[in-house]
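Residues are numbered in our numbering as their position in the first sequence, beginning at 1, plus a constant of 247. What follows is one structure encoded as structure tokens, with my remarks underneath.
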Amino acid sequence: MKLSRYYLPTYRESPAEAEVISHQLMLRAGMVKKLAAGIYNWLPFGLRALRKVEEIIREEMNRAGAQEVFLPMVQPSELWKESGRWEAYGKELLRFQDRHEHESCLGPTHEEVIVDLVRGQLRSWRQLPVNLYQIQDKFRDEIRPRFGLMRGREFGMKDAYSFDADEPGAEKSYQGMYAAYSRIFARCGLEFRAVEAVTGPIGGKFSHEFMVLADTGEDTLAVCPKCGYAANLEKAEVKTAAKPETDPEQVLEKVHTPGRRTVEEVCAFLKLAPANLVKTLIFESDKGPVAAMVRGDRELNPNKLQGLINADRLEMATPERIQELTKGPLGFSGPVGLKIPIYLDQEVALLKNFITGANEPDYHLLNTNLTRDFQAAKIADLRVVVPGDFCNRCGSEYHFHKGIEVGHIFKLGLKYSKPMNATFLDQNGKEQFFIMGCYGIGTSRTVAASIEQNHDPSGIIWPLSIAPFQIYLLPINYKDERLRKVTDDLAAELEKLGLEVLLDDREESPGVKFKDADLIGIPLRILVGDKTLAKDSVEFKLRNQDKKELVLISKAAMAAKELILAQLEAISQKTDRIATQASKL
RNA sequence: CGGGAUGUAGCGCAGUUUGGUAGCGCGCUUGGUUCGGGACCAAGAGGCCGCGGGUUCAAAGCCCGCCAUCCCGACCA
248 MKLSRYYLPT YRESPAEAEV ISHQLMLRAG MVKKLAAGIY NWLPFGLRAL RKVEEIIREE
308 MNRAGAQEVF LPMVQPSELW KESGRWEAYG KELLRFQDRH EHESCLGPTH EEVIVDLVRG
368 QLRSWRQLPV NLYQIQDKFR DEIRPRFGLM RGREFGMKDA YSFDADEPGA EKSYQGMYAA
428 YSRIFARCGL EFRAVEAVTG PIGGKFSHEF MVLADTGEDT LAVCPKCGYA ANLEKAEVKT
488 AAKPETDPEQ VLEKVHTPGR RTVEEVCAFL KLAPANLVKT LIFESDKGPV AAMVRGDREL
548 NPNKLQGLIN ADRLEMATPE RIQELTKGPL GFSGPVGLKI PIYLDQEVAL LKNFITGANE
608 PDYHLLNTNL TRDFQAAKIA DLRVVVPGDF CNRCGSEYHF HKGIEVGHIF KLGLKYSKPM
668 NATFLDQNGK EQFFIMGCYG IGTSRTVAAS IEQNHDPSGI IWPLSIAPFQ IYLLPINYKD
728 ERLRKVTDDL AAELEKLGLE VLLDDREESP GVKFKDADLI GIPLRILVGD KTLAKDSVEF
788 KLRNQDKKEL VLISKAAMAA KELILAQLEA ISQKTDRIAT QASKL
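Shown next as structure tokens:
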């Protein structure tokens, strides 16, 4: 491909709208252009990267036994009413009416459609398991789209759905996808971790997120270097390092703390450390109001509380409700005399003589003690993990990473098959609901995440496997006849070998070409100039290394091919290693 | 939806305080000279100053309303 004919508008400066690096570079490198908030055009260069990611996904999904389908983006409301999500899904679901005033929506995900597709068609246990996937745009009317392609409203996604006859089968499907995902991200040339995650509104008992490691990632991962346990911070379990306190219990004492609501204010006023104080937080849930207690220097993890009480819904109580439930104002809540169930973080249970709110304005209690002064409904791990914490499984200290969620695999169980009445006949001729799983990969986000992970001040550094082109052929002066001849011949030879070449035939000064080459980040740059021709050579330079190397013109094409194959082989071997590890888990 | 900010040429910005009919850099066009890290000279093209209304002899600027975009919080691939 000749660059002079290629639609690749690059920019020296990054548009003001772009804050994160992947967004800036994708705009500057002419990969995408914004059409509206969270909605992007893909230009030829960006599309090539996206298609490569999709193709890797396709190959690995097929390899794992899944079959590709293509489902409509516009979906009728009836299906969503059947699953109950017409009401349950919030405003992210873009609803509209057609000319017949028929209610429809743009698909933010396709569970309903896929269940409708298979029910009545898959009738026998003999046909199971089945795993169907598609690569399609989703639309979610996010309140606030941001970070460019990282969180758009319309975005590319691969979604897969498995149907199994029994639990062991469903487990096997899940493991199959875990392995496939590991291969996919390894083949994309990305550093990633699979971590345990909270399931969110899609439901199910547990799930794994696939995280591309990048300092700019929104999520924090706790990874145990010893036993391999890894989890999103939203989920990560912690082993308590603290020892039980053995001080004798002191007399409960009410102390005046005028206007001191926050942990900092109370501690400063009483000249005590936050670890001596225990916060009492009041929540509303579908299981009724509950209280949760964590040390003053800790943060409650609401996901853990929600899991503990098995609630579908959990939110902080309003100041009014706190007044009603505790008889005291916000900021002065405490366990003593409280009539709602109290859940205690395991660390709190180790404390003696701690400070709590008195459930009346401007008073706290000194020397509060569990059992003597109040009872706990349950004691559990309820707090957010912090640096220095230890793995709950093996006791090693956690490592922390920042990550970008690019994939998520869920066990759905009967969540959709049951309300939508999707059944098959088992070996006993008995009607059963499908046991489902669903498995997503953000394709457009994966491209952005790759850039977040692999860039330098000059621009993008593509992993070879998803690079839009493999070779950037750069003649210093394409108007020079001799240079031009060598360049054209080499380009033809490279393309004949099946390599993807972008030839910079523009009438630009060398500096511009170098800058653009670095910006768009094609892995191998081959330079043709007077100096190299004087030695019957061209210059090879890899985007991810500083080293430059002269290669004889006569051997250049084969050398390029070998170099590229070697790199792809390295990725492939790494993929196999990672897949082997994944299968052991 | 709450808080903050910004809309002026394709991109980055100045001009708004103190109203007088729009400017800089990059990019683009033409000609010439250059050619190993965003070259140089010369000549050009390009703007409902986000939209609507108001004030005024006169509005990019002042007033009112709206819209869009970006950033910070609740969602998620």
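Glycine is no exception: its CB is placed at the ideal position from the N, C-alpha and C atoms.
Item	Value
Measure how close the beta-carbons of Cys836 and Ile713 come, nearest whole angstrom, since I'm counting them as under 8 Å.	The structure shown has nothing for residue 836, since the chain only spans 248 to 832.
Which value, in whole angstroms, describes the spacing of the CA atoms of Leu250 and Glu742?	15 Å
Between which two residues does the beta strand (DSSP E) containing Ile718 stretch?	718 to 722
For Asp823, name the three-state secondary structure that DSSP assigns.	helix
Check for me: the beta strand (DSSP E) holding Cys352 runs from which residue to which?	350 to 353
What are the start and end residues of each continuous alpha helix (DSSP H) run of 4 or more residues lying completely inside the segment 725 to 774, in chain order?	728 to 743, 757 to 767
List the endpoints of the continuous alpha helix (DSSP H) containing Glu443.	Here Glu443 belongs to no alpha helix (DSSP H); instead the beta strand (DSSP E) covers 439 to 444.
Sort Gln828, Gln717, Ala781 by Cα distance to Glu809 and report the nearest one.	Gln717
Under DSSP, the beta strand (DSSP E) around His455 begins and ends at which residues?	454 to 460
Taking the beta carbon of Pro566 as the centre, do at least 16 other beta carbons fall within 10 Å, making it buried, or is it exposed?	exposed
Just to confirm the assignment, what range does the alpha helix (DSSP H) spanning Pro291 have?	291 to 310
Considering only the beta carbon of each residue, do Lys419 and Asn639 sit closer than 7 Å?	no
Per DSSP, what kind of secondary structure is Asp363 in: helix, strand or coil?	helix
Beta carbon of Ala478, beta carbon of Glu456: below 7 Å?	no
Does the beta-carbon distance from Arg841 to Met458 come in below 7 Å?	In the structure displayed, the chain extends from 248 to 832; residue 841 sits before or after that span and is not available.
Can the beta-carbon of Asp384 be found closer than 7 Å to that of Gly403?	yes
How long is the line joining the alpha carbons of Lys482 and Lys662, rounded to whole angstroms?	22 Å
Work out the CA separation of Val748 and Val267 for me, nearest whole Å.	29 Å
Let me know if Pro472 comes out buried or exposed under the rule of 16 or more other beta-carbons within 10 Å of its beta-carbon.	exposed
For a test of the three-state rule: what should DSSP assign to Pro323, helix, strand or coil?	strand
Which term fits Ser844, buried or exposed, when burial requires 16 or more other beta carbons within 10 angstroms of its beta carbon?	Lying before the first or after the last residue shown, residue 844 is absent from the chain, which here runs from 248 to 832.
Secondary structure at Ala813, three-state DSSP: helix, strand or coil?	helix
Taking Leu577 as the reference, give the member of Met248, Tyr610, Leu396, Val362 with the closest Cα.	Tyr610
What does the alpha-carbon distance come out to for the pair Gln374 and Val798?	57 Å
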